[in-house]
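A.B. asks: Residue numbers (my numbering): 107 to 416.
Okay, here's the structure, questions in a sec.
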Amino acid sequence: MDTRQLKFFVACAKAGSISEAARKLYSTQSTVSKAIKNMEETMGIRLFDRLPRGISLTAQGQQVYRYACKIVSDMEVLEAFPRKGQTRWIRISLNPSSWFADRFVQFYKETTEQNYHYQIYTAGVETVLERVRDYLDDAGFVYVFEQQQKEFSNMLAKSRLTFVTLHESELRVYPGKRNVLAAQEGDMVSLEELKDQRFIQNYQDEYISIENSAEENVLSWRELDVAVVTNSDYIMDKMLKSSDLVNLSGSYLSEDQAANYGKRLALPHNRIRFGYVMRKEEQLDEGVWELIRYLERQLRKNPQADDSAI
């Protein structure tokens with residue numbers, strides 16, 4: 107077995123299709139199929155179930171996939187070594203956050219002499235967990251709504267990940283400048299006032315329970331009219347400055363915006379935990395630890411951030 111076979115195997119598992127994997131690998135379907143067949147014969151197991159449309163990992167294939175992801179990831183790091191020495195990579199994924207973006211820019215400036223190289227990927231909570239689990243990233247930074255804690259804990263256990271809380275904040279309402287809620291007096295918005303609003307959100311799996319909301323004072327996506335879904339902070343900022351859309355979040359907006367017009371949501375259990383996920387029983391690289399310690403220092407400098415700045 108060679109690393110080329112492992113790369114082909116990982117690509118097929120991600121694509122769910124040999125032909126699609128071949129396209130992304132700039133190879134042919136027959137070449138990829140032969141590599142997978144040889145790998146199965148060498149290991150003496152069946153890696154994929156062949157379906158009418160595409161392929162699916164077998165139970166043994168899923169176990170092999172996790173090890174293969176790590177090997178392929180390590181090989182990419184080795185191949186990136188420059189002749190003059192090792193390139194130190196910080197690979198992270200995170201929920202979209204202007205607060206984090208601002209801190210990262212400052213961290214980059216302060217650690218230029220360290221010669222770190224960065225890979226940064228923004229995604230929803232589930233994707234962040236998958237990327238850390240599959241060794242695509244060293245750590246992931248996520249925001250978890252109090253109502254989702256049980257589901258989130260189950261996802262962590264299933265993926266053999268652990269979560270460390272760095273900060274707690276509140277779910278807040280950010281009405282667009284043309285929304286009646288923006289001009290409304292007071293710092294509190296009720297669930298009833300949100301029922302007829304149209305929303306712009308980064309991801310529909312963030313913060314809010316996806317369960318049926320028969321229980322009183324439980325927020326559900328099924329009750330919200332999400333008109334725009336985007337992972338772009340720029341689009342979020344522009345839309346809220348010029349429309350009547352509403353955003354629910356704890357940190358997606360910049361600090362200045364949050365301080366100017368973020369409102370509290372009248373919900374009994376509306377706390378949000380911000381922190382990082384990492385693989386269980388594994389040590390993070392020093393560069394990732396340095397970033398985490400930097401974020402901790404920034405949070406300690408601004409103890410008032412629990413309502414809007416993060």
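We treat Cβ as the ideally placed atom computed from N, Cα and C, and that holds for glycine.
It should be emphasised that the depicted structure is a prediction, and the values quoted were computed from it without experimental measurement.
1. So, with DSSP's three-state summary, where would you put R159?
2. Where S179 and L242 are concerned, what is the direct C-alpha to C-alpha distance, given to the nearest angstrom?
3. Roughly how many whole angstroms lie between the Cα atoms of N353 and M145?
4. List the endpoints of the continuous beta strand (DSSP E) containing A229.
5. Look up Y132 in the DSSP assignment and say whether it is helix, strand or coil.
6. Please return the same chain residues whose Cβ sits closer than 6 angstroms to the Cβ of Y227, not counting the five positions on each side in sequence.
7. Tell me, to the nearest whole angstrom, how far the beta carbon of F258 is from that of G381; I am working on the premise that it is less than 8 angstroms.
8. Using only the alpha-carbon positions, how far apart do R172 and R239 sit?
9. By a C-beta neighbour count over all protein chains shown, 10 Å radius and 16 as the cutoff for buried, is M345 buried or exposed?
10. Three-state secondary structure (DSSP) at E299?
11. Can you tell me the Cα-Cα spacing of D362 and Q168, whole angstroms?
12. From this set, G356, Q303, D343 and S355, which residue's C-alpha is nearest D331's C-alpha?
13. With burial defined as no fewer than 16 other Cβ atoms inside 10 Å of the residue's Cβ, what is the status of P374: buried or exposed?
14. Only counting runs of 3 or more residues, tell me where the beta strand (DSSP E) segments fall wholly within the stretch 196 to 276, in order along the chain.
15. Please check the pair A128 and V116, which I expect to be a contact at CB under 8 angstroms, by giving their CB distance rounded to whole angstroms.
16. Between which two residues does the beta strand (DSSP E) harbouring D331 extend?
C.D. replies: To lay it out plainly:
1. Sequence index remark: in the sequence shown, residue 159 carries index 53 (1-based). It is coil, neither helix nor strand.
2. Taking the sequence shown and counting its residues from 1, one reaches residue 179 at position 73. Taking the sequence shown and counting its residues from 1, one reaches residue 242 at position 136. Approximately 7 angstroms between the Cα atoms of the pair.
3. Here residue 353 refers to the residue found at position 247 of the sequence shown. Here residue 145 refers to the residue found at position 39 of the sequence shown. Cα to Cα, the separation comes out at about 49 angstroms.
4. As a working mapping, residue 229 is identified with position 123 in the sequence shown. Careful: A229 lies outside any beta strand (DSSP E) and carries neither H nor E.
5. As a first step, residue 132 must be located in the sequence shown, where it is residue number 26. Here Y132 sits in coil by DSSP.
6. Sequence index remark: in the sequence shown, residue 227 carries index 121 (1-based). So the list reads S199, once near-sequence residues are dropped.
7. Locating residue 258 in the sequence shown gives position 152, counting from the first residue. Locating residue 381 in the sequence shown gives position 275, counting from the first residue. Not quite, the Cβ-Cβ distance comes to about 11 angstroms (not below 8 angstroms), so this is no contact.
8. Here residue 172 corresponds to residue number 66 of the sequence shown, with the count starting at 1. Here residue 239 corresponds to residue number 133 of the sequence shown, with the count starting at 1. Roughly 8 angstroms between the two C-alpha positions.
9. Taking the first residue of the sequence shown as 1, we reach residue 345 at position 239. Under this definition M345 is a buried residue.
10. Along the sequence shown, read from residue 1 onward, the residue named residue 299 stands at position 193. Reduced to three states, the DSSP call for E299 is helix.
11. On the sequence shown, position 256 is the one that residue 362 refers to. On the sequence shown, position 62 is the one that residue 168 refers to. Confidence at D362 is low in this model, with a pLDDT of 49, below 50, so its placement is unreliable and the value that follows should be read with caution. If I take the Cα positions, the gap works out to 45 angstroms.
12. As a first step, residue 331 is located in the sequence shown; it is residue number 225 there, counting from the start. Of the candidates G356, Q303, D343 and S355, the one whose C-alpha sits nearest the C-alpha of D331 is Q303.
13. By one-based count along the sequence shown, residue 374 stands at place 268. Answer is exposed; the Cβ neighbour count stays below 16.
14. Within the stretch 196 to 276, the runs of beta strand (DSSP E) that reach at least 3 residues and sit entirely inside it are, in chain order, 222 to 228, 245 to 251 and 267 to 276.
15. The count along the sequence shown starts at 1 and reaches residue 128 at position 22. The count along the sequence shown starts at 1 and reaches residue 116 at position 10. Not really, about 13 angstroms apart at Cβ, beyond 8 angstroms.
16. Looking up residue 331 in the sequence shown gives position 225. Where D331 is concerned, the enclosing beta strand (DSSP E) stretches over D331 to V335.
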